[in-house]
Every structure is written in C-alpha cells, then in structure tokens.
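Scroll down for the structure; my scribbles are underneath it.
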Amino acid sequence: MKQHLLSIRVAIAAFAFLVFFACNKYSSSGDGSGNPNNIPVEKTVTANLQGRVLDESGTPVQGATVVSGGVTIQTDENGVFSFSQIKLSSRFGLVKVNKPGYFTGSRSIITDGGASNYVTIQLIPKSIRGSVAASTGGVVTVKEGDSVSLPAGGIVNAASGSAYTGDVNVYASYLDPTAPDLYKFMPGDLRGVGKNGSETALQSFGMLAVELEGSAGEKLQIASGKKATLTFAIPGSLQASAPATIPLWYFNDSTGRWVEEGTAVRVGNSYVGQVGHFSYWNCDAPTGTVNFKVRVKDQHGNGLAYTYIQFQTETMGTRGGYTDSTGFAQGLIPAGQRMVMQVVTECGSVMGGANVGPALTDQDLGTVTVTIGTSDLTLKGKVVNCVGGKVDSGFVSAVVDGLIYAAKVRNGEFTLPVVRCFTTSTSVKLTAYDYATSQQGTAVSVTVMSGEVDAGTLTACGVVADQFITLSLRGQDYKLSIPPDTALYQKLNGGGLIMGAYRNFGTDTTTVFMVFGTSNNVGTTGTFTYNQILIDVPTAGPMLSYMGTQGKCVITEYGQVGGYVSGTYSGSVRTYADSLPLYPVTGTFRLKRQF
51 MKQHLLSIRV
61 AIAAFAFLVF
71 FACNKYSSSG
81 DGSGNPNNIP
91 VEKTVTANLQ
101 GRVLDESGTP
111 VQGATVVSGG
121 VTIQTDENGV
131 FSFSQIKLSS
141 RFGLVKVNKP
151 GYFTGSRSII
161 TDGGASNYVT
171 IQLIPKSIRG
181 SVAASTGGVV
191 TVKEGDSVSL
201 PAGGIVNAAS
211 GSAYTGDVNV
221 YASYLDPTAP
231 DLYKFMPGDL
241 RGVGKNGSET
251 ALQSFGMLAV
261 ELEGSAGEKL
271 QIASGKKATL
281 TFAIPGSLQA
291 SAPATIPLWY
301 FNDSTGRWVE
311 EGTAVRVGNS
321 YVGQVGHFSY
331 WNCDAPTGTV
341 NFKVRVKDQH
351 GNGLAYTYIQ
361 FQTETMGTRG
371 GYTDSTGFAQ
381 GLIPAGQRMV
391 MQVVTECGSV
401 MGGANVGPAL
411 TDQDLGTVTV
421 TIGTSDLTLK
431 GKVVNCVGGK
441 VDSGFVSAVV
451 DGLIYAAKVR
461 NGEFTLPVVR
471 CFTTSTSVKL
481 TAYDYATSQQ
491 GTAVSVTVMS
501 GEVDAGTLTA
511 CGVVADQFIT
521 LSLRGQDYKL
531 SIPPDTALYQ
541 KLNGGGLIMG
551 AYRNFGTDTT
561 TVFMVFGTSN
571 NVGTTGTFTY
581 NQILIDVPTA
591 GPMLSYMGTQ
601 GKCVITEYGQ
611 VGGYVSGTYS
621 GSVRTYADSL
631 PLYPVTGTFR
641 LKRQF
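So for the sequence shown, my numbering puts the first residue at 51; every next one is plus one.
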C-alpha cells in the first residue's frame, strides 16, 4: 500500500531533474546488471516540460527549434520553451534543440504522468577542428590530448551510403566531465543502457562530440567495416581512479539513451578506443546510486524555483539538477560517496548547502533554507480581496524572464526574491490569488531589473475558480480551487482513473485524490467505489499523509469532454505509517472531464 501511495504521489508532483535528478523513487543498479525490483518498466506517459536554451556565453537563445514528444516549437525572446501534455518515455523522456552553428543539444529525463519538468540546455558551438582527405585519412586534434583519427578510404555520404572522396571537415568538441556546468551542455543524462540491455548510472571520464561534413556541407559517416580512433584525455582529478579499460558509450539522439558499444584502453593518461560511427562518445564506468529528496526555500518561506542543486564528490566530480517551480527536487546521487550539496544560482554563486553521505541508503535531506541577497531582484507588494480586505491565505504568481515564480501572501503582503542573471530590464506580470474566496485578479505588469521593487497593491478578485475539491478530516476543512491549485484527472495505464487536485507550494502541500480501478471506472452518473483515496495536509511540522480504501463516490454530474464531473465522496483514512485509528473523511468536487 505504501509503495502504491508513493508511486501515485510521484505522478502528481511537479519535479525538475537533470543528470541524476528524476521524478521517481527508484534507484539504478551500479554494476551494470540492472535491478528489475527497483527500476520500473518503461512506459509512455503524458507530462509537461519547460526549460531555457542558452548559448556558450549563457545568453538566452531565441528562435531555437525544440522537439519533444512529437511536438516542435521555437524558443521565445527569453530562450524559454514550454510543452504541455506531451507524450514522453517514462524512463528516457527526450527533448532536443537545434540551432544553426551549434551541435544538437538534448536532455533525457525520468518522468511520470502529470509531472511538470524543467531543464536548461546550453548549446555547444559547432567549430571545425581540421580537415583531412578522405582518400588518405588523418588525425585532427580537438584540444591537447584529445583527437579524432579517420581511416583511409573509409568515409561515406550519410544519406546515400556512397563512398566519399573529397575533403572531410571535422567538427568536434571535448566535454570535460569534471566541469561544474556539464549538466547544462552534455546530451541526455548520465544514465545508459549496457550491452545486456539493463539501465545503469554512469561516471564519465571524458566525452567527445564529433560530426563530419563534406566540402559542400553534406553529412558524412564512417563506412561499414571501417573504424575511426578517438583519444580522450583523462582529467587530472580523475586519473587516480581511472581504470585500465572502460566501456565506450554513444548517445542515441532518437531514444535519448547512452548505449554501450566497445571499449577504450588507457594509454598513459588518455583513453583510446575505436568507433564505427559518429555522434557523442563517452568513456563511462557504471556506478551505484541511492535516492534523495530535498526541498529548498528562500528566507521568506517561498519555494526556490528553477534552482540548480549540485553534489560535489572527491572522485566523481560535480553533478546535479534543478528544483521544480515549488523548490522540490528528488532523484539519484552516487552511493557510498562523501558529497557536498550546494544550492547554486544560474549566475554561479553558491547560496547554501549541506554535507551528504557517504550514502548507502536513500536520503531525505529535508528543507534547506537559503538567503537571496538584496542585490538580486526582490518584488514586494500588498494584496486585497474583492471588498478591499487583506488577503491572508493566497499567493502571487510572477512571470519573470519567461518563467513562473510564486510568493506566499500573509496578512495582505508578499515578498518574492528572484535571482536574475541578466543586466537588462524586463516586464514582470503579477497575478494575485485568494484561497479563501477562490478568486484571482487580472495580471499587472511591472518593469524591473534588480534591487527592491514595490509592485503596489494587487487585487485578488474578478476570476472565480470553476473547479474545486473540498475535504473534511479530523475537524478541519480544506478547499482546493482551480485556479490557483492544480486539478488531476488522469488515466491509469491499463484503465482506471485518478481524480482530484493538489497544492504544491513551498511547504504548503495539500493533496486529495481518488484512484478508481478498471472494475469501478467512472463513465456516467451514479454511485462508484474508489479503490484508494490519498490525502496530504499541511501541519505545523512535516506534512501529514493519509490513505484509505474502498470508499464511496457519488457522481451527480458527468458532462462531455471539457465539461464537468461533480459529486461527493466519503470513506475512512489512516496515516500511512499506522494501521489505526481510522478517521472519517468527506468532501465534494467539481472537475473538468479530460477524456
């Protein structure tokens, strides 16, 4: 029961993840054999994905082509892209970015149905490193210690497969595995599929991006039966731990996976290996992992959104990923390693952190509070309701540089620090929400750059929430209103339905959702039995979670797709850590039918 509870919660959480960051509770086997008990079966899910594309200097890239889930869009003036309800692989959800003059950028994520994901992709300039005659082959130096050696008479046109005899232009770039910002520009993430077909986490000892083009710009490849030789310099900090031989992995940009193919041999302080085709190539050792989760907030109690969390180790360099829009992150970190976890701004400054490990079991790192300085942007203001009274339970949404942030409203006031890595002014859109009246106001625009900005008085009035779910439990009443909270009306694999809503805002986490199996599929008005009800409510301490089984749901309205499903529910729940006592629960709901 607890296992199912956690899996469903993952499906509604809005996680951000990169490299080892993942929206699930499972770990990868470190020996390359895989562990079918810990790694869930890959499936296709519907999820959301947003992110930002940067160039080599960290400047947002406008007009880059971004592809994910079969959908193609362009980045806006902030370099931001956003996909809503797209189909992704649950294990290797892939997003790719193309821009003339750059290698294809990409990221692979672990996700689940209903999740909202965030990534940053920094493009690598596609620079020519040298040219050789196809007839004679030759060596091209990428940088000191890194090279590409092409075979004589071994180049073909990639489209036609016919022999190519002209000059070969070699475009290449070395990716330093110890670079702290590797997570931004490496393809996929540090997970691969071994020769035995099992998924494993990876430790990189060197990475090369290589593409070949003819004199007329045509794409070239290595001829069948021929091999090119790659030489990777081993970074100084990894030389003591670098093995004598290491698997070679190429990045499959159709599936988002690193795939094991071949072996590299250590020669001095370099790895040398042969490959039969070009993409990104990586020298990687499989490594063990454990799960972690952490929540980050600022000094005002707001969840710290889109913030990089890195884990530094003595032997494995630095890796990490992003928090989601609520400041929450969960994923995988190296097992058995002493690490320093740091909360880092996009500008590269460290705001806080903690010592972690050596971790041999899953880690709950709790809540980390950091202070955002006054030199960064701080938005402040007041919020009133429809009658001019102070809003004491709500939040303000702020769209800054294309991304959405949120600040709590208490006693009619809000304070929202935002770290901006841009020196230009921008227009921020602010919208106030009132939980008590289930209303929101219209957006107000304020021009900002940095420092403290007074946004004046915002009104949370004018737009009434048209979806809701209420909850009565242990003498307390709760209400989730959409907007500003989030509805969940989602199919289960194999049939069934999850129906409910959630609020995941900083430490204020409230969740109510019912799970219907195939035998109790809701499809009309009437009385139904839900298989499970799962509830989270905020407390003065940690969030309190409840679960129950076999409750009653009465559907009084069942509209067309896009219409409403309304009714009541009742049952009994317990905290999932205990079997007793049982507490009665009742509530009402009105949600939009999605299918």
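Glycine residues also receive a C-beta, built at the ideal position from the N, C-alpha and C atoms.
Every value quoted in this text rests on a predicted model; they were computed, and no experiment measured them.
Next on the checklist: Can you find the residues in the same chain that come closer than 6 Å, C-beta to C-beta, to V190, ignoring five residues on each side of it along the sequence?
Outcome noted: A distance below 6 Å between beta-carbons, with the five flanking residues on each side excluded, links V190 to the following residues of its chain, in chain order: R179, G180, V198, V220.
Next on the checklist: What does DSSP give as the partner residue(s) for E502 in the beta ladder?
Outcome noted: When DSSP reads this structure, E502 sits in a beta bridge with T428.
Item to check | I174 beta carbon less than 8 Å from that of N167 | outcome: No, the pair does not count as a contact, with Cβ atoms beyond the cut-off.
Next on the checklist: I believe V309 touches V260 by the beta-carbon criterion, under 8 Å. Please report the beta-carbon distance rounded to the nearest angstrom.
Outcome noted: The pair is not a contact, with the Cβ atoms about 16 Å apart (cut-off 8 Å).
Checklist entry - To the nearest whole angstrom, what separates the beta carbons of L542 and V562, a pair I think is in contact under 8 Å? => result About 17 Å separates the CB atoms of L542 and V562; that is not less than 8 Å, and the two are not in contact.
Next on the checklist: With three or more beta-carbon pairs closer than 8 Å as the criterion, would you say the segment 340–353 touches the segment 301–319?
Outcome noted: As far as the Cβ criterion goes, the segment 340–353 does not touch the segment 301–319, which means the pair count is below three.
Checklist entry - Going by DSSP, which residues form a beta bridge with I272? => result As computed with DSSP, I272 is found in a beta bridge with I205.
Next on the checklist: By alpha-carbon positions, which one of G612, A213, L144 ends up nearest to Y539?
Outcome noted: Distances from the alpha-carbon of Y539 to those of G612, A213, L144 put G612 closest.
Next on the checklist: In whole angstroms, give me the CA-to-CA distance for Y214 and G188.
Outcome noted: Looking at the two C-alpha atoms, the distance is approximately 15 Å.
Item to check | Simplified DSSP state of S287, which is helix, strand or coil | outcome: Residue state, collapsed to three classes: helix.
Next on the checklist: Between which residues of its own chain and T417 is the CB-CB distance below 8 Å, once the five residues before and five after are set aside?
Outcome noted: The beta carbon of T417 sits closer than 8 Å to those of V344, R345, V346, K347, T557, all from its chain and outside the five residues before and after it, given in chain order.
Item to check | V604 and L641 closer than 8 Å at C-beta | outcome: No, these two residues do not count as a Cβ contact at 8 Å.
Checklist entry - DSSP three-state call for N570: helix, strand or coil? => result It is helical.
Checklist entry - Three or more C-beta pairs closer than 8 Å, one from the segment 502–511 and one from the segment 475–489: is that the case here? => result Segments in contact, yes.
Checklist entry - Cβ atoms of A266 and G204: under 8 Å apart, would you say? => result Contact: no.
Checklist entry - Considering only C-alpha positions, which residue in the set T536, A278, M564 is nearest to M549? => result M564 is the residue among T536, A278, M564 whose C-alpha sits nearest the C-alpha of M549.
Checklist entry - Would the segment 333–340 and the segment 373–386 be scored as touching if the rule is three or more Cβ pairs under 8 Å? => result Yes, the segment 333–340 touches the segment 373–386.
Item to check | Inter-residue CB distance, L99 and V145 (contact presumed, cutoff 8 Å) | outcome: Between V145 and L99 the Cβ distance is about 6 Å, and since that is below 8 Å, they are a contact.
Checklist entry - From which residue to which residue does the alpha helix (DSSP H) around F235 run? => result Counting along the chain, the unbroken alpha helix (DSSP H) around F235 starts and ends at 232–235.
Checklist entry - Per DSSP, what kind of secondary structure is K149 in: helix, strand or coil? => result Note: K149 maps to coil in three-state DSSP.
Item to check | E396 versus S622: straight-line alpha-carbon distance, rounded | outcome: In a straight line, the C-alpha of E396 is about 46 Å away from that of S622.
Checklist entry - Which residue from P227, I359, T94, V192 puts its Cα closest to that of A404? => result Looking at the Cα atoms, I359 is the closest of the given residues.
Checklist entry - Looking only at DSSP bridge pairs, what is Y455 linked to? => result Note: Y455 sits in a beta bridge opposite A448.
Checklist entry - Roughly how many angstroms separate the alpha carbons of F133 and V103, rounded to a whole number? => result Each residue's Cα considered, the two are about 14 Å apart.
Next on the checklist: So, with DSSP's three-state summary, where would you put V116?
Outcome noted: Correct three-state label for V116: strand.
Next on the checklist: My parser needs the beta strand (DSSP E) runs of 3 or more residues fully inside the segment 458–500; what are they?
Outcome noted: Within the segment 458–500, the complete beta strand (DSSP E) runs of at least 3 residues are 463–468, 476–484, 494–498.
Checklist entry - Which one or two residues does DSSP pair with V29 in a beta bridge? => result Here the chain has residues from 51 to 645 only, and residue 29 is not among them.
Checklist entry - Whose CA, out of G431, Y485, T170, G546, lies closest to the CA of G15? => result There is no way to answer for residue 15, as the model of the chain reaches only from 51 to 645.
Checklist entry - Are the segment 242–257 and the segment 280–289 touching, with three or more C-beta to C-beta distances below 8 Å? => result Pairwise C-beta distances place the segment 242–257 in contact with the segment 280–289, as three or more of them are shorter than 8 Å.
Checklist entry - Hey, out of G275, T599, T373, whose CA is closest to I585's CA? => result For I585, the nearest C-alpha among the options comes from T599.
Next on the checklist: Give me, in chain order, the residues of the same chain whose beta-carbon lies closer than 7 Å to that of G573; leave out the 5 immediate sequence neighbours on both sides.
Outcome noted: The beta carbon of G573 sits closer than 7 Å to none of the beta carbons in its chain outside the five residues before and after it.
Checklist entry - Where does the unbroken beta strand (DSSP E) through Q172 begin, and where does it stop? => result Counting along the chain, the beta strand (DSSP E) containing Q172 begins and ends at 166–172.
Checklist entry - What are the residues that DSSP puts in a beta bridge with Y539? => result Bridge partners of Y539: M549.
Next on the checklist: Could you give the first and the last residue of the continuous beta strand (DSSP E) run that contains S156?
Outcome noted: Looking at the DSSP string, the run of the beta strand (DSSP E) that includes S156 is 155–159.
Next on the checklist: Going by DSSP in three states, N581 sits in which element: helix, strand or coil?
Outcome noted: Strand.
Checklist entry - So, do the segment 292–300 and the segment 222–237 have three or more beta carbon pairs nearer to each other than 8 Å? => result No, they do not touch.
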